[in-house]
Amino acid sequence: MQLVLNELSVEFPLEDEYEGKRVMTRFLCTYRLIKKILKNDRILLDTNYNGIYLASGYNISKWRNDPSVDMDEKRLFRSLINRSLVYHKEDVEEEEVHIDGQDSKGALLAYLNEDCLISFDTNNKWKTDTIYAKLLWLGEEDVEEKYIKLPNIVDEDTVCSFEQKYFDKLADDLREKIVVGEDILKNAAQVFSSLIFCRTAERQLRQLKDPVSVRQICKRLLELQEYFAARPKVFDKNQLNHATPESDITLQYYSREHTFQLPDGQYQVFSWHMRFTGNMAGRIFFFPDIQNSKCYIGHIGGKLKTVTYG
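Residue numbers (our numbering): 926 to 1235.
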């Protein structure tokens, strides 16, 4: 999925420099949040936007040289422009998408490619996670139309709403694609980018052929992915379902059984685990790396030995 700029939200210039800077700050903050979710930092634009005026007499060039503007914002905007793709309106399909009666090529591209709109916070009507529009096309005898809905982000609230819907859709898509454990590994780079699978877990996944267990495992891994992709400051087990640590006495007696080799060759004791059901009472043992917003997966399989089990 990719971002497409809602060009109708580019209602510049604004009343004054302060308002122009506020809108730009919110836009860049929204962009920073969403690109971490999509793992895609490109935006489809209808023009370069390097020369737009945020306010009367205050264009992007002045904004980039304004000492009151945060340096990170300037760098982020430069990166956004350099990585984005500019489309030509005349090359877009013959269909049209109208929002409140206005033709939007960006909305049409978002609809055709099942992408998400990103809007500037220039009008209250853009402060929504869903934009309702009308699709028009030339039928055999007359212009035909139908109403459509487009996902939209404009601020932190709409990003949060999008994230939940996005991961729900991702989970639905994965349920159809993932049948055996090997399928999880094939989709790991795209779907589980915040998870790092240790060699033991990889071997266990390749051996898993039971689709019931595999889907339950996938569900838990998606939960971990969503949690660590949000870059938490501290690890909070209450944000995860069925996440518990092993007891100190278990780790004392069965430390070796709970130790797994990380990809860098070091060995780590794994205490945290999540339960999954299927054709076995399974466990996923994981190690949170909060500093790097990653999660190591050490074991995916049956229960490990504890002082009360084994």
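All C-beta atoms in this analysis are idealised placements derived from N, C-alpha and C, irrespective of residue type, glycine included.
Computed from a prediction, not measured in an experiment: that's the story for all the values here.
Proximity of residue i and residue j at Cβ, strictly below 7 Å
{"i": "I959", "j": "I1056", "result": "no"}
{"i": "I968", "j": "L1001", "result": "no"}
{"i": "V1022", "j": "Y1012", "result": "no"}
{"i": "F1201", "j": "F1212", "result": "no"}
{"i": "E932", "j": "G1031", "result": "yes"}
{"i": "G945", "j": "L939", "result": "yes"}
{"i": "H1198", "j": "F1185", "result": "no"}
{"i": "C1085", "j": "F1153", "result": "no"}
{"i": "Q1150", "j": "L1120", "result": "yes"}
{"i": "L942", "j": "Y983", "result": "The residue asked about is misnamed: residue 942 is Glu in this sequence, not Leu. Cβ atoms of E942 and Y983: closer than 7 Å."}
{"i": "S1218", "j": "R1156", "result": "yes"}
{"i": "L1229", "j": "H1183", "result": "yes"}
{"i": "K1052", "j": "E1070", "result": "no"}
{"i": "Q927", "j": "N965", "result": "yes"}
Residue i burial status per 10 Å Cβ neighbour count (16 or more: buried)
{"i": "G1106", "result": "buried"}
{"i": "V1139", "result": "buried"}
{"i": "V1019", "result": "The amino acid occupying residue 1019 in the given sequence is Glu; Val does not appear at that position. E1019 comes out exposed."}
{"i": "G1235", "result": "At G1235, the pLDDT of 45 sits below 50, so the modelled position is not reliable; the number obtained from the coordinates is stated separately. Classification for G1235: exposed."}
{"i": "I985", "result": "buried"}
{"i": "S993", "result": "exposed"}
{"i": "S934", "result": "buried"}
{"i": "E1101", "result": "exposed"}
{"i": "I1174", "result": "exposed"}
{"i": "A1206", "result": "exposed"}
{"i": "G976", "result": "exposed"}
{"i": "S1029", "result": "buried"}
{"i": "W988", "result": "buried"}
{"i": "Q1164", "result": "exposed"}
{"i": "G1236", "result": "No answer is possible for residue 1236: the residues shown for the chain start at 926 and end at 1235."}
{"i": "R1181", "result": "exposed"}
Assumed close pair residue i, residue j - CB separation to whole angstroms, cut-off 8 Å
{"i": "F1087", "j": "V948", "result": "Wrong, their Cβ atoms sit about 20 Å apart, outside the cutoff."}
{"i": "C1123", "j": "P1188", "result": "7 Å"}
{"i": "I1215", "j": "V1159", "result": "6 Å"}
{"i": "C1143", "j": "L1095", "result": "About 10 Å; that fails the 8 Å criterion."}
{"i": "S1009", "j": "L970", "result": "5 Å"}
{"i": "Y1178", "j": "V1232", "result": "6 Å"}
{"i": "Y1072", "j": "I962", "result": "Going by Cβ atoms, the distance from Y1072 to I962 rounds to 27 Å, so no, they are not a contact pair."}
{"i": "T1125", "j": "H1224", "result": "6 Å"}
Start and end residues, alpha helix (DSSP H) containing residue i
{"i": "L939", "result": "It is not in any alpha helix (DSSP H) - L939 carries neither H nor E in the DSSP assignment."}
{"i": "F1153", "result": "P1136 to A1154"}
{"i": "N1007", "result": "M996 to R1008"}
{"i": "Y1178", "result": "D1173 to Y1178"}
{"i": "T1055", "result": "Per DSSP, T1055 belongs to no alpha helix (DSSP H); it is in the beta strand (DSSP E), T1055 to L1063."}
{"i": "N1038", "result": "K1030 to N1038"}
{"i": "A1096", "result": "E1081 to K1102"}
{"i": "K987", "result": "I985 to R989"}
{"i": "Q1115", "result": "A1113 to V1116"}
{"i": "E1127", "result": "R1124 to Q1132"}
Element boundaries [beta strand (DSSP E), containing residue i]
{"i": "G1226", "result": "K1219 to G1227"}
{"i": "W1197", "result": "W1197 to F1201"}
{"i": "Q1186", "result": "T1184 to Q1186"}
{"i": "A1168", "result": "A1168 to P1170"}
{"i": "L1042", "result": "C1041 to I1043"}
{"i": "K1074", "result": "V1068 to I1078"}
{"i": "L979", "result": "Y978 to A980"}
{"i": "R1208", "result": "G1207 to D1214"}
{"i": "L1165", "result": "Taken as a continuous stretch (DSSP letters only), L1165 belongs to no beta strand (DSSP E), as it is neither H nor E."}
{"i": "V1022", "result": "E1021 to I1024"}
{"i": "R927", "result": "It should be noted that the sequence gives Gln, not Arg, for residue 927. Careful: Q927 lies outside any beta strand (DSSP E) and carries neither H nor E."}
{"i": "Q1193", "result": "Y1192 to V1194"}
Residue i at chain D interface by Cβ criterion, 7 Å
{"i": "D1098", "result": "Among the chains of the structure shown, chain D does not appear; only one protein chain is present."}
Three or more beta-carbon pairs under 8 Å between the region 1060-1079 and the region 1112-1126, yes or no? Under the 8 Å Cβ criterion, the region 1060-1079 does not count as touching the region 1112-1126, having fewer than three qualifying pairs.
Cβ pair count under 8 Å reaching 3, the region 1066-1074 against the region 1040-1054: Too few Cβ pairs lie closer than 8 Å, so no.
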